[in-house]
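The next block holds one structure in the form of structure tokens; read it before the comments.
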Amino acid sequence: MNRYGEMEAFVQVVESGGFTEAARKLRLSPSAVSKLISRMEDRLGARLLHRTTRRVSLTAEGRAYFEQLRGILTEIDAVEASIGGAEAEPRGLLRVNVAHGFGMSQIVPLVPDFIARHPQVQVQITFDDHIVDLVAAGEDVGIRLGVPGDESLIARKLGDYRRMICGATGYFERHGVPQTPADLAHHRAVLSTNVALLNQWPMRFPDGHVERVAMQGVVASNSGDALYRLLLDGMGLGFSADFLCHKDVAAGRLRTVLDDCLVDSSWPIYAVYPARKHLAAKVRAFVDFLVDRFSPQPPWMMAQPAVDQAAARSRAAMSSGVLSKAQTKR
364 MNRYGEMEAF VQVVESGGFT EAARKLRLSP SAVSKLISRM EDRLGARLLH
414 RTTRRVSLTA EGRAYFEQLR GILTEIDAVE ASIGGAEAEP RGLLRVNVAH
464 GFGMSQIVPL VPDFIARHPQ VQVQITFDDH IVDLVAAGED VGIRLGVPGD
514 ESLIARKLGD YRRMICGATG YFERHGVPQT PADLAHHRAV LSTNVALLNQ
564 WPMRFPDGHV ERVAMQGVVA SNSGDALYRL LLDGMGLGFS ADFLCHKDVA
614 AGRLRTVLDD CLVDSSWPIY AVYPARKHLA AKVRAFVDFL VDRFSPQPPW
664 MMAQPAVDQA AARSRAAMSS GVLSKAQTKR
């Protein structure tokens with residue numbers, strides 16, 4: 364087998380986590396794959412893998428080689444797929460990076476349908492509540508909430524989501540309900556340590572001026588899931604995304620407040636991927652699939668009328684004193 368075969372075997376071992384699975388995918392014996400890697404190491408004069416009886420791991424030289432080699436092989440596959448103007452059927456490992464809350468609630472439920480349409484694609488999802496460098500992390504596609512800041516990435520808009528100020532019924536019973544933006548000074552929030560803007564809520568005051576109200580809180584986290592759990596437990600108000608809270612608002616577990624005072628609460632959602640001359644079929648297929656599923660509006664928006672009705676009932680109940688005392692507690 365030539366150098367290309369050695370390189371393909373090396374990448375497959377790393378991606379599969381071992382020789383046995385790599386051999387199965389390459390339709391070779393594990394010993395044959397091991398010999399290919401050993402021959403490559405001899406040719407390069409460097410050890411690429413640490414081998415134990417249970418697992419393999421990359422050496423420092425192996426990691427540097429893998430990061431460059433994987434991109435080269437992806438380009439080769441894309442070039443071959445483009446010959447004759449016909450793109451190959453999507454295949455191979457597709458790495459997707461997404462924030463945990465959005466990924467679990469919106470992306471993971473779509474994966475079975477995508478794989479059913481493209482059975483030769485394997486999907487690997489990594490969750491990060493902070494922005495990662497897709498190229499450095501070896502990711503194929505990232506889902507970004509907000510405008511992408513990296514101009515080197517290709518971005519396709521999937522849709523929009525909005526944020527709402529929410530609280531659990533128990534929180535309002537203990538602390539009262541804010542009636543105006545100024546009342547927020549007497550309330551606490553669950554705070555994000557990842558995104559500072561999520562702790563500064565853009566409000567329009569009765570006199571018409573707009574300012575960001577910096578919220579205070581007794582609990583903070585870098586995990587969106589943890590913050591949402593604490594919100595449901597009544598630990599404070601939350602500046603929550605509608606794709607997370609729409610079901611709980613509709614069910615009455617959460618109530619929205621100050622809906623008419625909140626401004627600039629709509630944020631875009633993008634699928635982003637590294638710019639390449641030839642886009643891999645698996646990446647194109649996945650991004651096209653997401654665009655289709657999020658059009659003409661994201662899935663959770665189908666239930667938005669129920670959420671809006673629940674919010675209206677919440678405001679009516681609050682003003683009549685059903686959920687809280689007539690005056691906000693100081």
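The working numbering applies: residue 364 is where the sequence shown begins, and numbers increase by one.
Every residue gets a Cβ at the ideal spot worked out from N, C-alpha and C, and that includes glycine.
Sub-8 Å separation of residue i and residue j beta-carbons
{"i": "V504", "j": "F606", "result": "no"}
{"i": "L436", "j": "E502", "result": "no"}
{"i": "V484", "j": "V474", "result": "no"}
{"i": "L595", "j": "D611", "result": "yes"}
{"i": "H463", "j": "F490", "result": "yes"}
{"i": "Y633", "j": "R507", "result": "yes"}
{"i": "L432", "j": "L421", "result": "no"}
{"i": "E369", "j": "L399", "result": "yes"}
{"i": "R410", "j": "G380", "result": "no"}
{"i": "G597", "j": "Y534", "result": "yes"}
Other residues of its chain near residue i: CB distance less than 7 Å, five sequence neighbours each side excluded
{"i": "P569", "result": "T543"}
{"i": "E378", "result": "L456"}
{"i": "F465", "result": "I506, L508 and F606"}
{"i": "D523", "result": "S629, W630, P631 and I632"}
Same chain, Cβ closer than 6 Å to residue i, five either side skipped, listed in chain order
{"i": "Y481", "result": "It should be pointed out that residue 481 corresponds to His in this sequence rather than to Tyr. So the qualifying residues of the chain are P453 and A648."}
{"i": "G509", "result": "W630"}
{"i": "A583", "result": "L554 and T556"}
{"i": "W663", "result": "F606 and H609"}
{"i": "L593", "result": "V553 and V582"}
{"i": "T383", "result": "P393"}
{"i": "V498", "result": "P637"}
CA-to-CA distance, residue j to residue i, given in whole angstroms
{"i": "S397", "j": "I488", "result": "28 Å"}
{"i": "C608", "j": "A545", "result": "24 Å"}
{"i": "A451", "j": "L642", "result": "11 Å"}
{"i": "V376", "j": "A518", "result": "31 Å"}
{"i": "H572", "j": "A548", "result": "17 Å"}
{"i": "Q469", "j": "L653", "result": "10 Å"}
{"i": "E404", "j": "A613", "result": "60 Å"}
{"i": "D513", "j": "G425", "result": "28 Å"}
{"i": "R366", "j": "L407", "result": "11 Å"}
{"i": "T536", "j": "A559", "result": "The residue asked about is misnamed: residue 536 is Glu in this sequence, not Thr. Taking the straight line joining both Cα atoms gives about 28 Å."}
{"i": "V591", "j": "H538", "result": "The sequence given here places Tyr at residue 591; Val does not occur at that position. Cα to Cα, the separation comes out at about 19 Å."}
Cut-off 8 Å between Cβ atoms - residues of its own chain near residue i, not counting five sequence neighbours on either side
{"i": "V646", "result": "L457, D503, V504 and Y636"}
message: Any contact between the stretch 625 to 637 and the stretch 546 to 566? By contact I mean 3 or more CB pairs, one from each, below 8 Å.
response: yes
query: Okay, do the stretch 542 to 561 and the stretch 580 to 596 touch, 3+ Cβ pairs below 8 Å being the bar?
result: yes
- prompt: Do the stretch 518 to 530 and the stretch 611 to 623 make contact, defined as three or more Cβ pairs closer than 8 Å?
  reply: yes
query: Can you list, in chain order, the stretches of the beta strand (DSSP E) that have 3 or more residues and sit fully within the stretch 448 to 495?
result: 455 to 461 and 484 to 490
query: Which runs of the beta strand (DSSP E), 3 residues or longer, sit entirely within the stretch 504 to 556?
result: 504 to 508, 516 to 531 and 551 to 555
task: List in chain order: all unbroken alpha helix (DSSP H) runs of 4+ residues lying wholly within the stretch 596 to 625.
output: 605 to 614
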